[in-house]
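Notes follow once the structure below has been shown.
Residue numbers (the working numbering): -6 to 706.
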C-alpha cells in the first residue's frame, strides 16, 4: 500500500467511527482524475459505489443523467461525481443523498484555481439560442471554488508533476460526539421518528379534521416512520389509504408498512388522481411527499378524509418544497385551525453536524439565510438596482436573501435553479433593497431576437428552443410570428418579503422594471405563470393584459398557466393589441370547450377586462329580451332561454353587471352554467346545492340581480 493510500484508509476509518461524510476533491486532468479515483476506491475495498459520470467503469452502479432522482431511498458506501461530465447541481445533490455515514463523495475536477475558466459541458443545458454557450457565465463554479476554499472540512487528492502518485491534503477533522443508534421495539432509530409515530397514532384516536403535517430534510427517516405507523395500524385492523405523487415516492413507506408480504395487508396505495375518482373508505389517509402533489388535488383529498397525515421533504437534496410549506400552511390555518406540525431534525443515515451536508447547504443554498427583523409596519425608501454576484461576504449575504425569497414564493426550487440564476446568459436579477436587506426581487429573462431558419422552424413547429418562452408562446399559440424577432423581458419570478406583501412593493418593483426595459429598448415585458384570480388581479392592476390561458392545470401548482404582457414599443403595443383582440374573440367559445374547467373566480377576473365581441343584432336583442323575461318569470325552463342568456351576457360589458351584489354561490353558478355550460349535476355537486330545483331557482335569482331585473314571485 502506498503512503497516500494509507492516509486515505486512516481518513476513512475516522469517518466510519464518526458516522459522518466528507467531500474529496480529486483535482487534475480528466483522465488522471478518473484513474486515480478508481485506484483509491479499490484500495479502500469499497463495495457499493454510486457514479455520476459519462465515463463510469463498465458495470458500475450509475445515476442516470436524465433521472438523477432514480436512486432515492437506496444507500451507497461511496459516491463519485464527475464534473468533467457536467457540473449538474441537481445530480450532485441527489448523489450526496444516497451516501451513508462513513462514506465520501469524490468529485473529479480541475484544480480549484481553474474552475472560473472550466469549459463545463453542463453549460449547454443553460445556453439559450440564438446566443449559445458563449454567453453562459461561470459565476456558479467560481462561487463554488470560493466556498470550497473557505470550508474547513474536506480532503484533496491532487495531481503532481513528475509522478503518477497523487498528493493528499486533509483538513483536520474535529472529534464530534457520536449518537449511538439503537433500533427500538417499534423500529425507530431517533427520537424524532418515535415522536412522529406517536403523533400519527394520535391522529386516528383524536379529534377529526386536525391533520398532522410532518416536515423533514432528506435523510431524517420520515418515510420509515410513516411505514412503521401504517404497519402497526393495519395490524390493529385499521384501513389505511396511502398516496404519493408516484408509487416510487412511497417505496420506502410501503416496504416498512408491510414487513411480511405473505400476510394480509389492510392498506392500499392510490395515485392522487385515482384516489379522487374512487374515494375509498379509510380510517386514515397517509400522504408522502405532499409538496410534489398539485395543491388543488391535495386540497380536495384533504377535504374528503377527516383523519390525515401529510409528510413532505422541505429542504431535500432533490429540491426544496419550502414554498409549498409556506403556501399550504396558510390553507391549513384557514380550513383546519387545529392542525399539528412536527419537524424531524435528527438524521438517520448519518450524524448531526455532518461535514458533507454542511458543505452542500452552503454550496447549493439548501437552507439560505434570509433577512431578519423585517418591520411589517412600513419600510424605508428603497433602492432599485440590478444584482450581480461577486465572491465576497456582502454579495453572498444578498444572494442568500434573494434566493430565500424566490424559494418561498414558489412551490419547488431545485439546486439547478441557483445555477441558472447565476450563469444564465439571458438571466438578470433586480431588487428593491436598503443597505442591509432585500425586500423584493425579480428574476428576468431577456428573450427574442430569433430570426432566419430558426424562426421559420419555430413557426412550422419543427423547433422549440429552450429558454425562449414569451416569443414562442406569442408566435405559436397566438399567431404573432413577428414576436420572434422582437426583444422581450420575461419576469420569471417575482417575490416580496411575506411580512410586506400587500404594501405595494410588488407594484413598485414592476414599475421600475417597466422603466428599465423601456430604457433598454425592449419591445415588451410580460410573464408566464400559474396563477389564481388574485394573482391575475395584481397583474391587471399594473396594466398587464392577459392574452392566453393554458388548457390544462400545471402539475406542480394545480393552477392554469396565464400569459400577461404589456407592449412598450409601437410594434410591441400593436402586437399585444392584436393578440388581445383574438383572445377576447375566442374566450366565449373556449370557456365552453377548452377552458370549461377554469375556476369561476378566474373566469370572473378574465371577464372583468373583457371587451364584448359577440354581436347583438336588433332582432336578436328583442327576441332575447322576451326569452329572458319569460325565463326570469319562471314561465320557461333555462334550456329554452340558454342561447338568449348567453348572448345577453357576452353582448354587454360583463364587468358592468352587478356581480359584486351577488353572493359567491350565485356568481359561480352563472359562470359555471351559462359561460362554461357545465351540466346541472356538476353545478349542484360543486356548489353543494340540494338539487335541480334549488339550482334553477338560484340561477334565475342571480341573473335577475345581475341584469338589475326584479324576479317575479
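Built from N, CA and C at the ideal position, the CB exists for glycine as well.
Problem set entry | Close beta carbons around residue 266, own chain, < 8 Å, minus the five adjacent residues each side | The count along the chain shown starts at 1 and reaches residue 266 at position 273. Same-chain partners within the cutoff: 290.
Exercise. From the DSSP output, which residues share a beta bridge with residue 539?
Worked result: Within the chain shown, residue 539 is the residue found at index 546, counting from 1. DSSP lists 557 as partners of residue 539.
For this session: Return helix, strand or coil for residue 53, following the three-state DSSP convention.
Result: Taking the chain shown and counting its residues from 1, one reaches residue 53 at position 60. It is coil, neither helix nor strand.
Problem set entry | Runs of alpha helix (DSSP H) wholly within the stretch 94 to 153 (minimum 4 residues, chain order) | 116 to 119 and 132 to 143
For this session: Could you check which residue in 34, 322, 641 and 515 has the C-alpha nearest to that of residue 288?
Result: Within the chain shown, residue 288 is the residue found at index 295, counting from 1. Nearest C-alpha to residue 288: 322.
Exercise. What separation, rounded to the nearest whole angstrom, lies between the Cα atoms of residue 168 and residue 348?
Worked result: For the purposes of this step, residue 168 is identified with residue 175 of the chain shown, where counting begins at 1. For the purposes of this step, residue 348 is identified with residue 355 of the chain shown, where counting begins at 1. Between residue 168 and residue 348, the C-alpha separation is close to 12 Å.
For this session: Confirm, please, whether the CB-CB distance from residue 668 to residue 695 is below 8 Å.
Result: As a first step, residue 695 is located in the chain shown; it is residue number 702 there, counting from the start. As a first step, residue 668 is located in the chain shown; it is residue number 675 there, counting from the start. It is not a contact, given that the beta carbons lie outside the stated cut-off.
For this session: Would you give the residue range spanned by the alpha helix (DSSP H) that residue 432 belongs to?
Result: Translated into positions along the chain shown, residue 432 becomes position 439. From DSSP, residue 432 is part of no alpha helix (DSSP H) but of the beta strand (DSSP E) over 431 to 441.
Exercise. Alpha carbon to alpha carbon, what distance is there between residue 70 and residue 3?
Worked result: Reading the chain shown from its first residue, position 10 is the one you call residue 3. Reading the chain shown from its first residue, position 77 is the one you call residue 70. Rounded to the nearest angstrom, the two C-alpha atoms are 16 Å apart.
Exercise. Assuming residue 379 and residue 423 make a contact with CB atoms under 8 Å, what is their CB distance in whole Å?
Worked result: Against the chain shown, residue 379 aligns to sequence position 386. Against the chain shown, residue 423 aligns to sequence position 430. Contact flag correct, Cβ pair sits at about 5 Å.
Exercise. If you drop the 5 nearest sequence neighbours on each side, which residues of the same chain put their C-beta closer than 7 Å to that of residue 201?
Worked result: What you label residue 201 is simply residue 208 of the chain shown in a count that begins at 1. Correct list, in chain order: 299 and 300.
For this session: Could you tell me the distance, in whole angstroms, from the CA atom of residue 351 to the CA atom of residue 151?
Result: For this step, residue 351 is matched to residue 358 along the chain shown. For this step, residue 151 is matched to residue 158 along the chain shown. Their Cα atoms are separated by approximately 23 Å.
For this session: Kindly indicate which residue of 586, 443 and 384 has the alpha-carbon position closest to the one of residue 133.
Result: On the chain shown, position 140 is the one that residue 133 refers to. It is 384 whose Cα lies nearest to the Cα of residue 133.
Problem set entry | Completely contained alpha helix (DSSP H) runs for the stretch 311 to 359, where each covers 4 or more residues | 315 to 328 and 348 to 356
Exercise. If we count the other Cβ atoms within 10 Å of its Cβ and call it buried at 16 or more, is residue 467 buried or exposed?
Worked result: On the chain shown, residue 467 is found 474 positions in, with the first residue counted as 1. Flag for residue 467 reads buried.
For this session: Starting from residue 379, follow its DSSP beta bridges and name the residues at the other end.
Result: In the chain shown, counting from the first residue as 1, residue 379 sits at position 386. 423, per the DSSP bridge assignment.
Exercise. Taking Cβ to Cβ, would you say residue 100 is nearer than 8 Å to residue 74?
Worked result: As a first step, residue 100 is located in the chain shown; it is residue number 107 there, counting from the start. As a first step, residue 74 is located in the chain shown; it is residue number 81 there, counting from the start. Result yes, Cβ atoms of residue 100 and residue 74 sit closer than 8 Å.
Exercise. What residue range is occupied by the uninterrupted alpha helix (DSSP H) comprising residue 89?
Worked result: Translated into the one-based positions of the chain shown, residue 89 becomes position 96. Note, residue 89: alpha helix (DSSP H), 82 to 90.
Problem set entry | CA nearest to the CA of residue 216, picked from 67, 361, 82 and 123 | The count along the chain shown starts at 1 and reaches residue 216 at position 223. Cα-wise, what sits closest to residue 216 is 67.
Exercise. For the ligand FMN, is there a heavy atom less than 7 Å away from the beta-carbon of residue 49?
Worked result: Of the ligands one can find in the structure shown there are none, so the ligand FMN has no counterpart to examine.
For this session: Can you give me the start and stop residues for the beta strand (DSSP E) that residue 486 sits inside?
Result: Mapped onto the chain shown, residue 486 falls at position 493. Unbroken beta strand (DSSP E) run through residue 486: 480 to 489.
Exercise. Taking the Cβ atom as the reference point for each residue, do residue 72 and residue 27 lie within a distance shorter than 8 Å?
Worked result: Locating residue 72 in the chain shown gives position 79, counting from the first residue. Locating residue 27 in the chain shown gives position 34, counting from the first residue. No; because the gap between Cβ atoms is not below 8 Å, this pair is not in contact.
Exercise. Are at least three pairs of beta-carbons, each pair with one atom in the stretch 43 to 62 and one in the stretch 119 to 135, less than 8 Å apart?
Worked result: no
Exercise. Per DSSP, what kind of secondary structure is residue 706 in: helix, strand or coil?
Worked result: Translated into the one-based positions of the chain shown, residue 706 becomes position 713. With a pLDDT of only 38 at residue 706, under the threshold of 50, the placement of this residue in the model should not be trusted, and no figure is reported.
Exercise. Leaving out the 5 sequence neighbours to the left and right, which residues in its chain are closer than 7 Å to residue 629 when beta-carbon positions are compared?
Worked result: To locate residue 629, count along the chain shown from 1; it is residue 636. Answer for residue 629: 623, listed in chain order.
Exercise. How is residue 229 classed by DSSP in three states: helix, strand or coil?
Worked result: Taking the chain shown and counting its residues from 1, the one referred to as residue 229 is at position 236. Note: residue 229 maps to coil in three-state DSSP.
Problem set entry | Own chain, CB closer than 7 Å to residue 703, minus 5 neighbours either side, in chain order | For the purposes of this step, residue 703 is taken as residue 710 along the chain shown, with counting starting at 1. Reliability fails at residue 703, whose pLDDT of 41 lies under 50, so the model's placement of it is uncertain and the value that follows must be treated cautiously. Closer than 7 Å at the Cβ level, and outside the excluded window around residue 703, lie 697.
Problem set entry | Under the three-state DSSP convention, the category residue 279 falls into | Indexing the chain shown from 1 puts residue 279 at position 286. Residue 279 falls in the strand class under three-state DSSP.
For this session: Indicate whether residue 183 and residue 394 have their beta-carbon atoms separated by less than 8 Å.
Result: By 1-based counting over the chain shown, the position of residue 183 is 190. By 1-based counting over the chain shown, the position of residue 394 is 401. Result no, Cβ atoms of residue 183 and residue 394 do not sit closer than 8 Å.
Problem set entry | Distance, residue 625 Cα to residue 462 Cα | Locating residue 462 in the chain shown gives position 469, counting from the first residue. Locating residue 625 in the chain shown gives position 632, counting from the first residue. So the alpha carbons of these two residues sit roughly 47 Å apart.
For this session: Go ahead and label residue 160 buried or exposed: buried means 16 or more other beta carbons lie within 10 angstroms of its beta carbon, across all protein chains shown.
Result: Indexing the chain shown from 1 puts residue 160 at position 167. That one is exposed.
Problem set entry | Every unbroken alpha helix (DSSP H) inside the stretch 560 to 593 [4 residues or more] | 563 to 583
For this session: Return the first residue and the last residue of the beta strand (DSSP E) that residue 530 is part of.
Result: Your numbering for residue 530 matches position 537 in the chain shown. No beta strand (DSSP E) contains residue 530, which is instead part of the alpha helix (DSSP H) from 526 to 534.
Exercise. So residue 45 is in the beta strand (DSSP E); what residue range does that whole segment cover?
Worked result: By 1-based counting over the chain shown, the position of residue 45 is 52. Start and end: 42 to 45.
Problem set entry | Chain-order list of residues whose beta-carbon lies under 7 Å from that of residue 243 (same chain, five-residue window excluded) | As a first step, residue 243 is located in the chain shown; it is residue number 250 there, counting from the start. 235, 237, 262 and 281, listed in sequence order.
Problem set entry | Straight-line Cα distance separating residue 58 from residue 0 | The count along the chain shown starts at 1 and reaches residue 0 at position 7. The count along the chain shown starts at 1 and reaches residue 58 at position 65. Their Cα atoms are separated by approximately 32 Å.
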